[in-house]
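> In our numbering, the protein residues as written are 948 to 1154. Idealized CB from N, CA, C, for every residue including glycine. Note that this is a predicted model, so its numbers are computed, not measured.
(1) My output table needs one value for residue 1005: the three-state DSSP class, helix, strand or coil.
(2) Can you tell me the Cα-Cα spacing of residue 1126 and residue 1040, whole angstroms?
(3) So the beta strand (DSSP E) residue 1048 belongs to, where does it begin and stop?
(4) How would you call residue 1158, buried or exposed, if buried means at least 16 neighbouring beta carbons within 10 angstroms?
(5) Determine the DSSP secondary structure at residue 1183, reduced to helix, strand or coil.
(6) Can you tell me which of the three DSSP states residue 997 falls into?
(7) Does the distance from the C-beta atom of residue 959 to that of residue 996 stay below 8 Å?
(8) By a C-beta neighbour count over all protein chains shown, 10 Å radius and 16 as the cutoff for buried, is residue 999 buried or exposed?
(9) With DSSP run on the structure shown, which of helix, strand or coil describes residue 1066?
(10) In this structure, does DSSP put residue 1055 in helix, strand or coil?
(11) For the alpha helix (DSSP H) that contains residue 1123, what are its first and last residues?
(12) Contact check, residue 1012 vs residue 1138 under 8 Å by CB: the rounded distance?
(13) Check for me: the alpha helix (DSSP H) holding residue 957 runs from which residue to which?
(14) Do the CB positions of residue 1078 and residue 1129 come within less than 8 Å of each other?
(15) Helix, strand or coil for residue 1140 per DSSP?
(16) Here's the rule: buried if 16 or more other CB atoms are within 10 angstroms of the residue's CB, otherwise exposed. What is residue 1094?
(17) Let's test the definition: count the other Cβ atoms within 10 Å of the Cβ of residue 1154 and tell me whether it reaches 16, buried, or not, exposed.
(18) With distances taken from CA atoms, which of 1019, 1100, 1034, 1064 is nearest residue 962?
(19) Return the CA-CA distance between residue 1067 and residue 1075, expressed in angstroms with no decimal places.
(20) Suppose you measure from the CA of residue 1010 to the CA of residue 1043; what does that come to, to the nearest Å?
(21) Helix, strand or coil for residue 1112, going by three-state DSSP, please let me know.
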């Protein structure tokens, strides 16, 4: 599905220049809960990666992204060498996205757009927490400012990609990314990459 989590993987696949196919799942028909998919991913969530070249099947985007760079990014163009301080900082920011930005922004989206009734407390709570978390992203960028607009080190890595896809949805919630100047600059830098633009078009909804 064309969600922040789906786009994390499609963008990374494009950046790595790997050939891949994707299969769209119809959430309205709960295809992600069908037995064949649950065999691949017991949590019934997207995305799930099946790599036939290594006989590896993975779910959870942090695990998928880490697997892809460990396996196919031997020159560390979009990652940092295992065991180095930057490798662990990359994990810190990646896990920050998985534990914070994604769940909180996702709950904000639920209460704003999908809840069967309007619950002001839920909307306010998760919107405020989402904004707080992007203030933390701003702080990561501030602390790494001398290296350019990256969250970790001196080049784009999987931690940037993971947060970027969620930041790309802020406008839908009418949250102005320019509230955080460094985040806005960082976002535009990543969004300008052709591979990222292409990755954001995959997967697309089936017609």
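Taking the geometry as given:
(1) strand
(2) 21 Å
(3) Per DSSP, residue 1048 belongs to no beta strand (DSSP E) and is neither H nor E.
(4) This structure gives no information on residue 1158, because the portion of the chain shown stretches from 948 to 1154.
(5) The chain is shown only over 948 to 1154; residue 1183 falls outside these bounds and no answer can be derived.
(6) When secondary structure is reduced to three states using DSSP, residue 997 falls in the strand class.
(7) no
(8) When all chains shown are included, residue 999 counts as exposed.
(9) Residue 1066 falls in the coil class under three-state DSSP.
(10) helix
(11) Where residue 1123 is concerned, there is no enclosing alpha helix (DSSP H), given that its DSSP letter is neither H nor E.
(12) Contact doesn't hold; Cβ gap of about 18 Å is too wide.
(13) 951-963
(14) no
(15) coil
(16) exposed
(17) Residue confidence for residue 1154 is low, a pLDDT of 32 falling below 50, so the modelled location carries little weight; the figure read from the coordinates is stated next. Around the C-beta of residue 1154, fewer than 16 other C-beta atoms lie within 10 Å, and the residue is accordingly described as exposed.
(18) 1019
(19) 12 Å
(20) 14 Å
(21) helix
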